[in-house]
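Residue numbers (the UniProt record's numbering): 1 to 381. Cβ coordinates follow ideal geometry from the N, Cα and C atoms, glycine included.
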Amino acid sequence: MQFCTECGKLRVVRTVLISGAGVAGPTLAYWLARAGWQPTVVERAAGQRSSGNPVDVRGPALPVVEQMGIVDALRAAATHATGVRLVDPAGRPGRRIAMPATRSPAGTTEIEVPRADLARILHDAARDDAEFRYDDTVTRLDQDPGGVDVTFATAPPRRFDLVVGADGLHSTVRRLAFGPERDVVRHLGLYVATTPLGEAPEHPHDVLLHNTPGRLVAVHPVRGEAGVAFIFRHPAVADFDHTDTARHRQLLTDAYAGERGWRVPELLARARQADDLYFDAVTRVVLPCWSTGRVTLLGDAAASVSLFGDGSSLAIAGARTLAAALAGNEPVAALRRYEAEHRRRTDRRGRTTGLVAAVLVPGSRPGVAVRNALARLLPAG
1 MQFCTECGKL RVVRTVLISG AGVAGPTLAY WLARAGWQPT VVERAAGQRS
51 SGNPVDVRGP ALPVVEQMGI VDALRAAATH ATGVRLVDPA GRPGRRIAMP
101 ATRSPAGTTE IEVPRADLAR ILHDAARDDA EFRYDDTVTR LDQDPGGVDV
151 TFATAPPRRF DLVVGADGLH STVRRLAFGP ERDVVRHLGL YVATTPLGEA
201 PEHPHDVLLH NTPGRLVAVH PVRGEAGVAF IFRHPAVADF DHTDTARHRQ
251 LLTDAYAGER GWRVPELLAR ARQADDLYFD AVTRVVLPCW STGRVTLLGD
301 AAASVSLFGD GSSLAIAGAR TLAAALAGNE PVAALRRYEA EHRRRTDRRG
351 RTTGLVAAVL VPGSRPGVAV RNALARLLPA G
């Protein structure tokens, strides 16, 4: 119970534990605090991350960030990449293709921003109304009809009215509540590796793409610095461990063995030596239901659409939808309402992943040729 200074009465304050301080978690904390909840956010990492791949804030996320008053902060952190160029094996960039941009009803155009900056801005918006606990994680969930008893790796156990897993593709909350990752994650036939290059981009506003059958190398500008991404087709690796860096370097090396076009050998060598190499499978989470009792999932933990640019926008929109459903409603019924509304968005996006993969990483020489021919029909930037 807490005393309400505005109404002069004692009131029940509902508590929520949000696992994950990336994009979805702080967004949800912001909105639930405004709906009268008391949010606690727990994050496995020791602090906010300082790097990250560019992600898009667009579509259903734009009205949300407008309402949060963070559009100016996002604009200040934007990558300012507005075009794409296809690069041939000799390193010659083709004509510039303008990136399409969506616009909100209020007139805000989509914003591309490094993921770490997006997470920081969302954290800053939520931090005054939520408790953030870093360098800790959930280890056990025990729930009954009235709440969830949570055990942490380091903090004392606590009881919450609701637990939300917003802890990404490799969600701990999902594993504890729904079972092993292997039972709910489907491999989409691709792997991705990224790392900053620590150099100025050759084309400050353009993404450079170089393809051979089944392989893509991209150099992306990020506010005056360049980053490289490798995306390649490969069957699912048995017992793949997303934390095994040595195995990641070997998979990347094997995938691009023999590639000599453009800057590929140099970029590959730099990625292999990078201390902050990100590597993971491109997958989709498939769950018949996102909630069990008073535990629910949000963002990539619920329905990962990794790689294709919409994950952060869907996470922001999903957080707003979940908070709206929980405002003044009984939690279990609210979770059903949230899923019914937000799953329509994620299912729609999931149906396009095969097409996007075919465009980004054609699997054959004819496929690359057809993609390049179609690209020449797009408006020049």
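Cutoff 7 Å; reference Thr-108; Cβ partners in own chain excluding five residues on either side = Taking the sequence shown and counting its residues from 1, one reaches residue 108 at position 108. Answer for Thr-108: Leu-62, Glu-66, Val-71, listed in chain order.
Tell me, please, whether the segment 309-323 touches the segment 339-347 by the rule of three or more beta-carbon pairs shorter than 8 Å.
-> yes
Please determine, among Arg-233, Glu-181, Val-138, Val-55, the residue with the shortest C-alpha to C-alpha distance to Ser-364.
-> The residue given as residue 364 occupies position 364 in the sequence shown. Nearest of Arg-233, Glu-181, Val-138, Val-55 to Ser-364, Cα basis: Arg-233.
Name the one or two DSSP bridge partners that Gln-143 has.
-> Locating residue 143 in the sequence shown gives position 143, counting from the first residue. BP columns for Gln-143 point to Val-148.
Counting only the same chain and skipping the five closest in sequence on each side, list residues whose C-beta sits under 6 Å from that of Asp-300.
-> Translated into positions along the sequence shown, residue 300 becomes position 300. Excluding sequence neighbours, Asp-300 sits near Gly-168, Leu-169, Gly-311.
Is the segment 133-144 touching the segment 283-297, taking contact as three or more C-beta pairs under 8 Å?
-> yes
Given Ala-130 as reference, the closest of Leu-86, Leu-28, Thr-212, Glu-199 once Cα atoms are compared = Numbered from its first residue, the sequence shown carries residue 130 at position 130. Taking only the C-alpha atoms, the option nearest Ala-130 is Leu-28.
Mind checking which residues open and close the alpha helix (DSSP H) that includes Phe-178?
-> Along the sequence shown, one-based indexing puts residue 178 at 178. Its alpha helix (DSSP H) spans residues 172-178.
Do Phe-160 and Val-16 have their C-beta atoms closer together than 8 Å?
-> The residue you call residue 160 lines up with position 160 of the sequence shown. The residue you call residue 16 lines up with position 16 of the sequence shown. Yes, the pair counts as a contact, with Cβ atoms nearer than the cut-off.
What do you reckon, are the CB atoms on Ala-45 and Ile-121 nearer than 8 Å?
-> The residue you call residue 45 lines up with position 45 of the sequence shown. The residue you call residue 121 lines up with position 121 of the sequence shown. No. Outside cutoff.
Return helix, strand or coil for Tyr-30, following the three-state DSSP convention.
-> As a first step, residue 30 must be located in the sequence shown, where it is residue number 30. Tyr-30: helix per DSSP, three-state reduction.
Only counting runs of 4 or more residues, tell me where the alpha helix (DSSP H) segments fall wholly within the segment 297-378, in order along the chain.
-> 300-303, 311-326, 331-350, 353-360, 365-375
Alpha-carbon spacing of Thr-82 relative to Met-99, whole angstroms = Here residue 82 is taken as the residue at index 82 of the sequence shown, counted from 1. Here residue 99 is taken as the residue at index 99 of the sequence shown, counted from 1. Approximately 5 Å between the Cα atoms of the pair.
Run of the beta strand (DSSP E) containing Gln-48, from where it starts to where it stops | Taking the first residue of the sequence shown as position 1, residue 48 is located at position 48. Gln-48 -> no beta strand (DSSP E), and no H or E assigned at all.
C-beta contact flag for residue 401 and Pro-196 at 8 Å = There is no way to answer for residue 401, as the model of the chain reaches only from 1 to 381.
Report, in whole angstroms, the separation of the C-beta atoms of Ile-231 and Val-23, which I expect to be a contact under 8 Å.
-> On the sequence shown, residue 231 is found 231 positions in, with the first residue counted as 1. On the sequence shown, residue 23 is found 23 positions in, with the first residue counted as 1. Actually they do not touch by this definition, with Cβ atoms about 21 Å apart.
Which residues does DSSP pair with Gln-38 in a beta bridge?
-> Within the sequence shown, numbered from 1, the residue matching residue 38 stands at position 38. Note: Gln-38 sits in a beta bridge opposite Thr-15.
Assign Leu-267 to one of three DSSP states: helix, strand, or coil.
-> Along the sequence shown, read from residue 1 onward, the residue named residue 267 stands at position 267. Correct three-state label for Leu-267: helix.
State the CB to CB distance for the pair Val-285 and Val-163, rounded to an integer number of angstroms; the pair is presumed to be in contact (CB under 8 Å).
-> Along the sequence shown, read from residue 1 onward, the residue named residue 285 stands at position 285. Along the sequence shown, read from residue 1 onward, the residue named residue 163 stands at position 163. Val-285 to Val-163, Cβ: 18 Å. No contact.
Pull up the distance between the alpha-carbon of Ala-78 and that of Pro-114, whole angstroms please.
-> Numbered from its first residue, the sequence shown carries residue 78 at position 78. Numbered from its first residue, the sequence shown carries residue 114 at position 114. Cα to Cα, the separation comes out at about 7 Å.
Residues of its chain near Leu-267, where Cβ-Cβ distance is below 7 Å and the 5 sequence neighbours each way are ignored | Your numbering for residue 267 matches position 267 in the sequence shown. Answer for Leu-267: Val-217, Val-228, listed in chain order.
Could you tell me if Tyr-134 is buried or exposed, where buried requires 16 or more neighbouring beta carbons within 10 angstroms of its beta carbon?
-> Numbered from its first residue, the sequence shown carries residue 134 at position 134. Flag for Tyr-134 reads exposed.
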